[in-house]
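Student:
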Amino acid sequence: MAPIEQFTKTYRFAMTACSPAVRWWGRLTVEGLEHLPEDGPVLLAGNHDSHWDPVAIGVAGRPRRQIRALAKASMWKRPGLRHILDGMGQIPIERGAGDVGALDAATAELRGGACIGIFPEGTLTRGKVLRARSGIGRLAQNVPEAQVVSCRVTGTVDLVRGPFTRPRIHVAFFPPAGGQLQPGEDHKAFAQRLLTEIREAAPPVPAGRKAGRAARKAAGEDAA
Numbered sequence: 001m002a003p004i005e006q007f008t009k010t011y012r013f014a015m016t017a018c019s020p021a022v023r024w025w026g027r028l029t030v031e032g033l034e035h036l037p038e039d040g041p042v043l044l045a046g047n048h049d050s051h052w053d054p055v056a057i058g059v060a061g062r063p064r065r066q067i068r069a070l071a072k073a074s075m076w077k078r079p080g081l082r083h084i085l086d087g088m089g090q091i092p093i094e095r096g097a098g099d100v101g102a103l104d105a106a107t108a109e110l111r112g113g114a115c116i117g118i119f120p121e122g123t124l125t126r127g128k129v130l131r132a133r134s135g136i137g138r139l140a141q142n143v144p145e146a147q148v149v150s151c152r153v154t155g156t157v158d159l160v161r162g163p164f165t166r167p168r169i170h171v172a173f174f175p176p177a178g179g180q181l182q183p184g185e186d187h188k189a190f191a192q193r194l195l196t197e198i199r200e201a202a203p204p205v206p207a208g209r210k211a212g213r214a215a216r217k218a219a220g221e222d223a224a
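Numbering (full-length UniProt numbering), first residue to last: 1 to 224.
Pasting the structure below:
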C-alpha cells in the first residue's frame, strides 16, 4: 500500500482545536517525546481512564506523529463524527467481538509506516483494574518491525470537573522496560506486560473531583 500521510488536514485541525483545552487549561506537560519515532511503523500503548486520553496523547505527540487510534465502532454512528474520525485516520473496532477486520486494517497501516494507538484494556476503566486484551500483541506479531512505545497519561479525568479548578495533565512516552515482543513470547502475555508496567505508575482512577489528586499522587506528581 502507499505510504501513510504523515498529518491529514482533519487531524491537524482537530488537534489545533483541542490544544487550548489540553495545553493551557490542562497545563499539559510532556515527558520522553524523544521515544516516539518520527517515522516508521509504531505501536503506541496507553492507559485509558478518560475520554480525553486519546486527545491528550494526540496533542502531546503531534510535533512528531499523527496517531491513528483503534476506537469503538459505535462512535462512527454519531451524526457528523464519522467523517471527522475517518479524516483523522482512526480505525473502528467492535469491542469484545474479536474484530479481525479492524486488526487487519491496523496491520495494513502499520506496514505502510503509520503510528497506531491502542489501549490494551480495550475500554475505559472507570476506576476498575482490567486485564489487557490481546490486540496489541497480535499487531506486534503481525508487524515485528514496528517499534512498540508505551504511554502513561494522568490528570485527564479532571479536565472538565469544574470551572475554577484546573487539572495537571501529564503524558509520558517511554520504551517498554521488558523490551519489544520477544521470540516465542505469547501475544496476550506481551499485552499484559505492557499494561502492568504502565499501570504501576498510573493505576486506574474514576472520573470525579478526587480522581486527579489520586492519579497525581500515584504518579508522584505535584498535586498543587
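Beta carbons are placed, not taken as given, at the ideal position from N, Cα and C, and that holds for glycine.
(1) Name the DSSP beta bridge partners of residue 226, please?
(2) When you compare only the Cα positions, how much space is there between R199 and P163?
(3) Given that a residue counts as buried once 16 or more other Cβ atoms are within 10 Å of its Cβ, and exposed if not, what is E34?
(4) Three-state secondary structure (DSSP) at A215?
(5) Based on Cα-Cα distance, which residue from I84, P183 and E94 lies nearest to A71?
(6) Tell me whether the beta-carbon of H187 lies closer than 9 Å to the beta-carbon of T123.
(7) Among the residues of its own chain, which have a CB less than 8 Å from the CB of I84, if the five just before and after it don't count?
(8) Looking at Q180 and A132, is the spacing between their C-beta atoms short of 9 Å?
(9) Classify V157: buried if its beta carbon has 16 or more other beta carbons within 10 angstroms, exposed otherwise.
(10) Spatial neighbours of L110 within its chain, please: CB distance less than 6 Å, with the 5 preceding and 5 following residues excluded, ordered by chain position.
(11) Going by the CB atoms, is the gap between L103 and G80 shorter than 9 Å?
(12) Using DSSP's beta-bridge definition, name the partner residues of V129.
(13) Going by beta carbon distance, what residues of the same chain come within less than 7 Å of A177, once the five residues before and after it are set aside?
(14) Check each candidate in T125, F119, G184 and V153 and name the one with the smallest Cα separation from Q141.
(15) What separation, rounded to the nearest whole angstrom, lies between the Cα atoms of G127 and G101?
(16) Between which residues of its own chain and A60 is the CB-CB distance below 6 Å, once the five residues before and five after are set aside?
(17) Does the ligand MN have even one heavy atom less than 8 Å from the beta-carbon of V157?
(18) Can you tell which of P175, W25 and W76 has the C-alpha that lies nearest to the C-alpha of A56?
(19) How should D222 be labelled, buried or exposed, when 16 other C-beta atoms within 10 angstroms of its C-beta is the threshold for buried?
(20) Identify whether T107 lies in helix, strand or coil by the three-state DSSP scheme.
(21) If we count the other Cβ atoms within 10 Å of its Cβ and call it buried at 16 or more, is T16 buried or exposed?
(22) Helix, strand or coil for R209? Go by DSSP, reduced to three states.
(23) With a CB to CB cut of under 7 Å and the five nearest residues on each side skipped, what residues in its chain are close to P120?
Tutor: According to the structure data:
(1) The structure shown has nothing for residue 226, since the chain only spans 1 to 224.
(2) Translated into positions along the sequence shown, residue 199 becomes position 199. Translated into positions along the sequence shown, residue 163 becomes position 163. So the alpha carbons of these two residues sit roughly 29 Å apart.
(3) Numbered from its first residue, the sequence shown carries residue 34 at position 34. Exposed is the call here.
(4) In the sequence shown, counting from the first residue as 1, residue 215 sits at position 215. The predicted model places A215 with a pLDDT of 46, which falls under 50 and marks its position as unreliable; any figure quoted below should be read in that light. Here A215 sits in helix by DSSP.
(5) Here the question's residue 71 lines up with position 71 in the sequence shown. The shortest Cα separation from A71 among I84, P183 and E94 belongs to E94.
(6) The count along the sequence shown starts at 1 and reaches residue 187 at position 187. The count along the sequence shown starts at 1 and reaches residue 123 at position 123. Against a cut-off of 9 Å, the Cβ pair of T123 and H187 comes out as no contact.
(7) Counting from 1 along the sequence shown, the entry for residue 84 is found at position 84. Within the same chain, I84 has close Cβ partners T10 and A14.
(8) Counting from 1 along the sequence shown, the entry for residue 132 is found at position 132. Counting from 1 along the sequence shown, the entry for residue 180 is found at position 180. Contact flag unset, no.
(9) Here the question's residue 157 lines up with position 157 in the sequence shown. Counting Cβ neighbours within 10 Å, V157 comes out buried, since at least 16 surround it.
(10) Numbered from its first residue, the sequence shown carries residue 110 at position 110. The answer, listed in chain order, is P41, I116, V143 and A146.
(11) In the sequence shown, residue 80 corresponds to position 80, counting from 1. In the sequence shown, residue 103 corresponds to position 103, counting from 1. Cβ atoms of G80 and L103: not closer than 9 Å.
(12) Along the sequence shown, one-based indexing puts residue 129 at 129. In the DSSP output, where bridge partners are listed per residue, V129 has none listed.
(13) Along the sequence shown, read from residue 1 onward, the residue named residue 177 stands at position 177. Within the same chain, and ignoring the five residues on either side of A177 in sequence, the residues whose Cβ sits closer than 7 Å to its Cβ are E197.
(14) To locate residue 141, count along the sequence shown from 1; it is residue 141. Looking only at T125, F119, G184 and V153, the smallest Cα-Cα distance to Q141 is reached by G184.
(15) Residue numbering aside, residue 127 sits at position 127 when the sequence shown is read from its first letter. Residue numbering aside, residue 101 sits at position 101 when the sequence shown is read from its first letter. The alpha-carbon atoms of G127 and G101 are separated by roughly 30 Å.
(16) Counting from one through the sequence shown, the residue named residue 60 turns up at place 60. Cβ neighbours of A60 beyond the five flanking positions: V30 and V171.
(17) Among the components modelled here there is no ligand, and therefore nothing to report on the ligand MN.
(18) In the sequence shown, the residue the question calls residue 56 occupies position 56. The residue with the shortest Cα to Cα distance from A56 is W25.
(19) Locating residue 222 in the sequence shown gives position 222, where the first residue counts as 1. Below a pLDDT of 50, predicted positions are generally treated as unreliable, and D222, at 41, falls in that range; the measurement from the model is reported next regardless. Around the CB of D222, fewer than 16 other CB atoms lie within 10 Å, so the residue is classed as exposed.
(20) Translated into positions along the sequence shown, residue 107 becomes position 107. Looking at T107 - three-state DSSP - the assignment turns out to be helix.
(21) In the sequence shown, residue 16 corresponds to position 16, counting from 1. The residue is exposed, with fewer than 16 neighbouring Cβ atoms inside 10 Å.
(22) Here the question's residue 209 lines up with position 209 in the sequence shown. Any reading at R209 must be qualified, since the residue scores a pLDDT of 47, below 50, and its modelled position is unreliable; the value itself is stated next. When DSSP states are grouped into helix, strand and coil, R209 belongs to the coil group.
(23) Here residue 120 is taken as the residue at index 120 of the sequence shown, counted from 1. Once the five neighbours on either side are set aside, the close Cβ partners of P120 are A45, A132, R133, I136, A191, L194 and L195.
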